[in-house]
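**Student:** Each residue of the sequence shown is one higher than the one before, counting from 17 in the working numbering. We put the beta carbon where it would ideally sit given N, CA and C, even for glycine. Keep in mind that this is a model prediction, so the values were computed, not measured. Pasting a structure below so you can have a look.
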Amino acid sequence: MKLKLKTSPSETVETQDELVKRIPQDSIAVNEIFYSIQGEGRHAGVPMVFVRLNVCHVGCKFCDTKYTWQTISHNKFYDSNSLLEAIKKLSLRCPHVCITGGEPLEQAEVLYKICKHLSANRLKVHLETSGSMLIPKEFDEVCHWIVCSPKKFFPPNFEAPIDEVKVLVTANQDLSKVRNFISKFRNKVWVSIQPIEPDPPVFGNPDGLTEPELIAYWDDVKEIRVREETIWLANRQKALDICKSTGWMLSPQMHKYFNIR
Ligand code: SF4
Numbered sequence: 017m018k019l020k021l022k023t024s025p026s027e028t029v030e031t032q033d034e035l036v037k038r039i040p041q042d043s044i045a046v047n048e049i050f051y052s053i054q055g056e057g058r059h060a061g062v063p064m065v066f067v068r069l070n071v072c073h074v075g076c077k078f079c080d081t082k083y084t085w086q087t088i089s090h091n092k093f094y095d096s097n098s099l100l101e102a103i104k105k106l107s108l109r110c111p112h113v114c115i116t117g118g119e120p121l122e123q124a125e126v127l128y129k130i131c132k133h134l135s136a137n138r139l140k141v142h143l144e145t146s147g148s149m150l151i152p153k154e155f156d157e158v159c160h161w162i163v164c165s166p167k168k169f170f171p172p173n174f175e176a177p178i179d180e181v182k183v184l185v186t187a188n189q190d191l192s193k194v195r196n197f198i199s200k201f202r203n204k205v206w207v208s209i210q211p212i213e214p215d216p217p218v219f220g221n222p223d224g225l226t227e228p229e230l231i232a233y234w235d236d237v238k239e240i241r242v243r244e245e246t247i248w249l250a251n252r253q254k255a256l257d258i259c260k261s262t263g264w265m266l267s268p269q270m271h272k273y274f275n276i277r
């Protein structure tokens, strides 16, 4: 699969498959590392170091981390020791590290070794995966918390026990497959319900328009905003209804309201 994204002219772009060939032995390709607060799910509000990996072949339309598909000149490779060092540099006190993506399990073999090293150094490793690739059973030994947010591939592919299932919800969604899947866990999995929030629309610059064009422009802006708001309200209502009827937890994306990553 060749996903080439637009970047600024100064950046070198390569396909994901080209990047994968370039990853040194015993290393993983990391898009970014930062210290923040978990914004969603069971651990919402908990400070964590986030390690966002490159590479995902799933290609969801609504993906809000499409930049992890692109592989640009400044992406970095870490082995067990250099990653541990980078995490400690960001926070000496924080015991939680969240491995996210992209799809982290695209780099499962080396990632397992790295997670083992991190957990041996008393870090609590949280793994966020789409379930599009097998979650190998040995990840249970090295992860404190495994969150699966199934996207295009359902049911998710797993051997290691999943701790949390994050379900993205739209107003028209049929949840019967999700319910059947969750029922297999006999209440031993945490379910987080997350209404999908439409991306804020991006408008062009109205400078230089004539008066009639400007009126038409603002009419369009208004119409699009009303449409987006209607979708968002409907998704939210559906999420509330689901939570009230199932006892599952509502999980809004808190980081968006606090304007943090
Ligand atoms: S699985 Fe996740 S990272 Fe991959 S495309 Fe979908 S939303 Fe984006």
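#1: Give me, in chain order, the residues of the same chain whose beta-carbon lies closer than 6 Å to that of K153; leave out the 5 immediate sequence neighbours on both sides.
#2: Buried or exposed: where does A255 fall if 16 or more other Cβ atoms within 10 Å of its Cβ makes it buried?
#3: Could you pull out every unbroken beta strand (DSSP E) segment of at least 3 residues lying fully inside the stretch 129-196, listed in chain order?
#4: Tell me the residue span of the alpha helix (DSSP H) that contains A45.
#5: Just how far apart, CA to CA, sit R109 and R252?
#6: State the Cα-Cα distance for the pair G117 and K260, rounded to the nearest angstrom.
#7: Would you please state the rounded distance, in angstroms, between the beta carbons of V205 and V183? I believe it to be under 8 Å.
#8: Look at the Cβ atom of C72, then the Cβ atom of K167, and state whether they are nearer than 7 Å.
#9: Grab me the residues of R58's own chain with a C-beta within less than 6 Å of its C-beta, minus the 5 sequence neighbours each way, in chain order.
#10: Residues bridged to C259 by DSSP?
#11: Of the choices V141, Y233, E101, whose alpha-carbon is the least far from that of G220?
#12: Is P40 buried or exposed, if buried means 16 or more other CB atoms sit within 10 Å of its CB?
#13: Report yes if the CB atom of V74 is closer than 7 Å to the CB atom of S148, and no otherwise.
#14: If the criterion is Cβ atoms closer than 7 Å, does the pair Y94 and S43 meet it?
#15: Hey, H133 and M64 are a contact pair by Cβ (cut 8 Å); roughly how many whole angstroms apart?
#16: In angstroms, rounded to a whole number, what distance separates the CA positions of P228 and D235?
#17: Distance, Cα to Cα, E48 vs Y83?
#18: Does L230 pass the burial test, meaning 16 or more other C-beta atoms within 10 Å, or should it be called exposed?
#19: Does the beta-carbon of V74, which I'm using as the reference point, lie nearer than 6 Å to any heavy atom of ligand 1?
#20: Beta-carbon within less than 6 Å of G55's beta-carbon, same chain only, minus the 5 sequence neighbours each way: which residues are those?
#21: Figure out for me which residue from S98, D223, I212 has the closest Cα to the Cα of I130.
#22: Is the separation between the beta-carbon of S146 and that of E119 shorter than 7 Å?
#23: Could you tell me whether any non-hydrogen atom of ligand 1 is closer than 6 Å to the CB of S96?
#24: Measure the C-alpha to C-alpha separation of C164 and R241 and round it to an integer number of angstroms.
#25: As a quick exercise: from K193, H160, V185, C159, pick the residue whose alpha carbon is nearest that of P172.
#26: Could you tell me the distance, in whole angstroms, from the CA atom of H32 to the CA atom of V46?
#27: What's the C-alpha gap between N170 and R195?
#28: Give me whichever residues DSSP pairs with T116 in a beta bridge.
**Tutor:** Judging by the given coordinates:
#1: The residues are E175, A176.
#2: That one is buried.
#3: Runs of the beta strand (DSSP E) inside the stretch 129-196: 140-145, 161-164, 180-185.
#4: Not the alpha helix (DSSP H): A45 falls in the beta strand (DSSP E), residues 44-53.
#5: Between the alpha carbons of R109 and R252 lies a gap of roughly 36 Å.
#6: Counting only the Cα atoms, K260 lies some 31 Å from G117.
#7: V205 to V183, Cβ: 11 Å. No contact.
#8: One thing to note: C72 has its Cβ no nearer than 7 Å to the Cβ of K167.
#9: Here the set comprises E180, W206.
#10: Answer is none; C259 lacks a bridge partner.
#11: Considering only alpha carbons, the answer is Y233.
#12: Looking at its Cβ environment, which holds fewer than 16 other Cβ atoms inside 10 Å, P40 is exposed.
#13: In contact: V74 and S148 (Cβ atoms closer than 7 Å).
#14: It is a contact, given that the beta carbons lie within the stated cut-off.
#15: Actually they are not in contact, since the Cβ atoms of H133 and M64 sit about 18 Å apart, beyond 8 Å.
#16: P228 and D235: Cα-Cα distance of roughly 11 Å.
#17: Cα-Cα distance, rounded: 10 Å.
#18: Answer is exposed; the Cβ neighbour count stays below 16.
#19: True, at least one ligand heavy atom lies under 6 Å from that Cβ.
#20: The beta carbon of G55 is closer than 6 Å to those of Q269, M270, H271 in its chain, skipping five residues each way along the sequence.
#21: Comparing alpha-carbon positions, the option among S98, D223, I212 lying closest to I130 turns out to be S98.
#22: Contact flag set, yes.
#23: Remark: the shortest separation between the CB of S96 and any heavy atom of ligand 1 does not fall under 6 Å.
#24: Going from the Cα of C164 to the Cα of R241 covers about 32 Å.
#25: When only C-alpha atoms are compared, the closest one is K193.
#26: This sequence places Gln at residue 32; His is not what is there. One C-alpha to the other measures close to 13 Å.
#27: It should be pointed out that residue 170 corresponds to Phe in this sequence rather than to Asn. Going from the Cα of F170 to the Cα of R195 covers about 12 Å.
#28: Paired residues: R68.
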